[in-house]
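Going by our numbering, the first residue of the sequence shown is number 4, and it counts up by one from there.
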Amino acid sequence: MTRSAIDVGPALTGQHSLVLASMASTVEAELVTAWVDRQRAANPGATIDVLEMPPPDAPPEALTALMKQLEGGAASDREGGDDRSVVPVRVFWLPAPNRGRIAQVAGLLPGRDPYHPNERQQRHILRTASHRARVVAGEPAKVSELRQQWRDTTVADNERDFAQFVIRRAILAMERVEYRILGPQYKSPRLVKPEILASARFRAGLRKIPGATVEEAGKMLDELATGWSRVSVDLVGVLGRALSRGFDPEIDYDGYQVAAMRAALEAHPAVLLFSHRSYIDGAVVPVAMQENRLPPVHVFAGINLSFGVMGPLLRRAGVIFIRRNIGNDQLYKFVLREYVGYIVEKRFNLSWSIEGTRSRTGKMLPPKLGLLAYVADAYLDGRSEDILLQPVSISFDQLHETAEYAAYARGGEKTPEGVGWLYNFIRAQGERNYGKIYVRFPEAVSMRQYLGPAHGELAHDPDAKRLALQKMSFEVAWRILRATPVTATGLVCALLLTTRGAALTLQQLHHTLQDSLDYLERKHTPMSTSALRLRSRDGVRAAVDTLSGGHPITRVDGGREPVWLIAPDQQHAAAFYRNSVIHAFLETSIVELALAHARRTDGDRLSAFWEQALRLRDLLKFDFYFADSATFRENIAEEMAWHDDWEAHVAAGGAEIDAMLFAKRPLMADAMLRVFFEAYEIVADVLRDAPADIGQKELTELALGVGRQYVAQTRVRSSESVSTLLFATARQVVADQDLIAPAPDLADRRVAFWRELRGILADLKHVEGIAREQFVAREVQARQGSPDSRNS
């Protein structure tokens with residue numbers, strides 16, 4: 004039998020070395036002994052001692068031999084002799100290539116871990132594939148250097164602690180060599196709990212918390228710490244594919260963005276902040292990193308997802324479960340802060356949803372700053388020279404969760420997570436084809452750029468730090484939106500939601516969609532492949548047929564040709580997809596409403612146009628992301644540049660503004676913004692006779708009742724405006740307008756605000772009327788070949 008292995012890592016060159024050998028079997032002992040013999044032969048004058056390395060949790064008596072060796076090394080240094088180098092060595096077993104998913108899952112079973120084969124398996128590997136056995140040597144370190152590090156970074160209580168410190172450093176040194184063999188996707192932190200608990204920094208902070216103990220902090224670290232193993236890294240793809248079954252197996256990436264992110268991650272640790280529309284998102288990010296051979300991420304998730312087998316399984320896949328409500332638990336906050344700081348200091352990557360929770364409306368929610376503040380603290384404390392905030396856009400052609408979101412919008416309750424919930428979720432994923440998953444990695448945001456130098460002014464100014472965090476997080480969200488591709492699903496649903504339930508033919512769908520596609524191309528807006536295919540009738544047909552069967556489009560057959568519509572009970576689900584594309588049409592929609600407002604204004608219409616554009620931006624700021632005021636004005640001016648001498652035509656008003664609107668392609672305000680202003684108007688209507696300081700729950704219940712009445716009376720266009728989700732934002736709007744707190748003129752101001760919203764809805768109706776004229780003109784042109792004109 005051949006007993007050979009490949010040597011990996013530095014060869015011994017010093018005069019006096021202590022080899023700390025990790026050997027779990029006689030086979031490994033033989034391979035390590037052979038390695039030591041080769042080192043002695045190559046260094047005939049060197050003294051090489053060998054000691055079997057105790058495990059990191061070894062009892063005190065098992066550390067005696069190592070303590071004596073380390074004391075001897077230190078003594079020789081004090082006597083002026085050569086300082087002994089400590090060299091960690093162990094055998095690394097490389098798994099067989101192309102093992103397949105079944106073998107990867109089997110790796111979880113006892114005795115089947117391919118990275119730790121049993122002795123019989125080891126002998127078989129040496130006989131049949133000896134190249135898979137690697138004797139790994141970590142970077143040597145002198146005892147004096149290790150002792151100084153121990154004193155500088157830990158509580159440095161006694162020699163036993165020093166021996167444990169050396170063991171931990173030896174393990175980490177061997178891990179670094181093995182990462183180079185396996186690839187960066189296997190890089191994950193080890194020994195987190197003992198490293199943190201031994202830290203002098205951690206102990207000093209702990210002493211400042213009344214009643215805090217090391218034991219209690221250790222339990223919290225156990226709750227937070229992940230159980231990364233190489234087997235679990237291999238299983239990331241399997242687990243992600245199980246949760247995302249029903250989607251195209253190939254995730255859609257931008258290769259240039261992936262390459263740019265790879266280069267950035269080589270220089271600095273990163274926090275990957277992803278958009279959140281589905282429970283699948285937390286699985287997609289690790290899969291994306293693994294598939295692109297990028298370092299793994301630790302994904303933060305609510306502890307509500309740690310149930311049954313999911314808790315241990317997800318922990319082993321790198322998920323960090325955190326408590327939802329930590330209130331005034333100072334110890335938990337401290338432990339979490341230090342845990343985050345340790346991860347970034349060691350240049351590992353973190354990830355969580357920038358929105359904090361799933362968006363059930365399809366559009367991005369405001370960013371949450373809690374965890375981000377801990378990362379900022381780590382940077383300002385000097386634990387990393389910079390930390391990158393990497394935006395991650397995750398979007399889907401379809402989601403089965405829209406049915407849940409629709410029920411929630413109508414006033415339903417959230418289904419609690421559990422084993423039954425998980426079973427139903429995975430089962431629903433396999434019911435049909437949901438299309439593609441799109442992952443984009445736009446340019447990262449530098450924390451140093453926004454927070455200034457470490458230990459700088461922001462480290463001592465909480466208000467300034469919070470303002471910088473807000474600006475930084477909004478920039479991340481803005482980049483996510485700009486990178487998110489517009490999908491065919493969003494465009495088709497946006498169109499059909501404007502028809503008030505009327506069905507459209509394939510030709511009507513096709514020619515109406517072209518204006519939107521033209522606009523997106525002019526603006527260089529990213530589009531999915533499915534959206535680009537809408538240029539052809541076959542592409543439109545494929546899109547609507549994919550969404551048919553009430554998902555959320557209904558196809559009606561049996562006539563001269565099929566037609567497609569959105570039934571009333573599917574409006575909320577369709578709105579989710581429509582909302583996912585609003586960001587691409589938001590500013591052009593505001594232009595249309597500002598023009599309609601200027602049309603009905605006496606006096607300086609140009610000033611009225613600009614004032615209304617800024618007013619609409621202010622009203623919609625809780626629902627959408629906007630550029631800063633100056634950039635927003637520039638963007639609006641750019642939107643108006645499609646029309647020659649537009650300022651003169653706006654100033655003229657009346658028919659000239661109508662002509663401008665008729666010439667504008669596309670007209671999107673009604674499709675994109677009506678439901679939001681209708682929801683605001685319903686809440687404003689309820690406020691007219693509601694008491695001051697009305698609570699959010701009571702206001703929502705009243706709005707749901709009034710909204711359902713108005714839908715029944717057709718005073719409100721569709722049921723999608725009657726939504727607990729939209730009413731929650733509307734409550735923020737009216738609070739921002741100071742319409743909740745008691746005041747002598749509160750009733751008058753509430754009525755005035757309601758009337759303002761009625762005026763905006765009238766503007767929407769006017770724009771809608773012109774859009775219908777455009778539609779009719781296109782119909783005539785398509786049937787008769789006549790030129791598109793106002794009088795067609």
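The beta-carbon is built from N, C-alpha and C at its ideal position, and this holds for glycine as well. Since the model is a prediction, treat every value here as computed from it, not as a measurement.
Here residue 434 is exposed: its Cβ has fewer than 16 other Cβ atoms, across all protein chains shown, within 10 Å. The Cβ-Cβ distance between residue 347 and residue 386 falls below 9 Å. Here the alpha carbons of residue 70 and residue 35 stand approximately 22 Å from one another. Residue pairing by DSSP places residue 305 opposite 325 in a beta bridge. Distance from the CA of residue 622 to the CA of residue 178, rounded to the nearest whole angstrom, comes to 54 Å.
Beta-carbon to beta-carbon, residue 437 and residue 380 are separated by about 40 Å, too far to satisfy the 8 Å threshold. The residues 199, in chain order, have a CB closer than 6 Å to that of residue 345 in the same chain once the five nearest residues on each side in sequence are set aside.
Around the beta-carbon of residue 596, 16 or more other beta-carbon atoms lie within 10 Å, marking it buried. Selection 258, 418, 729, 58 evaluated against residue 295 yields 258 as nearest (Cα-Cα).
Going by beta carbons, residue 785 and residue 510 fall inside the 9 Å limit. Put simply, the segment 491-507 does not touch the segment 414-421. Fewer than three CB pairs are less than 8 Å apart. For residue 393, the three-state secondary structure derived from DSSP is strand. Close CB contacts of residue 522 within its chain, under the 6 Å cut and outside five residues either way in sequence, are with 669 (chain order).
Assigned with DSSP and collapsed to three states, residue 222 falls in helix. Judged by DSSP in its simplified three-state form, residue 428 adopts helix.
Spanning the alpha carbons of residue 457 and residue 772 requires a straight line of approximately 57 Å. When rounded, the separation of the alpha-carbon atoms in residue 645 and residue 397 is 32 Å.
Rounded to whole angstroms, the gap between the alpha carbons of residue 664 and residue 598 is 8 Å. The alpha carbon of residue 197 has as its nearest neighbour, out of 214, 228, 211, 207, the alpha carbon of 228. Secondary structure note for residue 441: its beta strand (DSSP E) is the uninterrupted segment 440-443.
Nearest neighbour of residue 92 by Cα position, chosen from 490, 56, 569, turns out to be 56.
In the DSSP assignment, residue 55 is bridged to 24. Counting other Cβ atoms within 10 Å of its Cβ, residue 419 stays below 16 and is therefore classed as exposed. Looking at the backbone, the Cα of residue 18 and that of residue 455 are separated by about 47 Å. Per DSSP, the beta bridge partners of residue 449 are 391.
Taking C-beta separations shorter than 8 Å and ignoring five residues to either side along the sequence, the partners of residue 263 in its chain run 444, 446, following chain order.
Shown here, residue 160 sits in coil according to DSSP, grouped into three states, outside any helix or strand. Shown here, residue 638 sits in a helix according to DSSP, grouped into three states. Taking every protein chain shown into account, the CB of residue 288 has 16 or more other CB atoms within 10 angstroms, so this residue is buried.
Of the other Cβ atoms in all chains shown, fewer than 16 fall within 10 Å of the Cβ of residue 539; this residue is therefore exposed. With a contact defined as Cβ atoms closer than 8 Å, residue 224 and residue 376 miss out at about 20 Å.
Comparing C-alpha distances from residue 543 to each of 577, 552, 530, 492 shows the shortest one belongs to 492. Rounded to the nearest angstrom, the Cβ distance from residue 94 to residue 23 is 14 Å, too far for a contact under 8 Å. Sixteen is the threshold: since fewer than 16 other Cβ atoms of the shown chains lie within 10 Å of the Cβ of residue 151, the residue is exposed.
Partner residues in the beta bridge of residue 136, as assigned by DSSP, are 96.
For the 9 Å CB-CB criterion, residue 25 and residue 173 form a contact.
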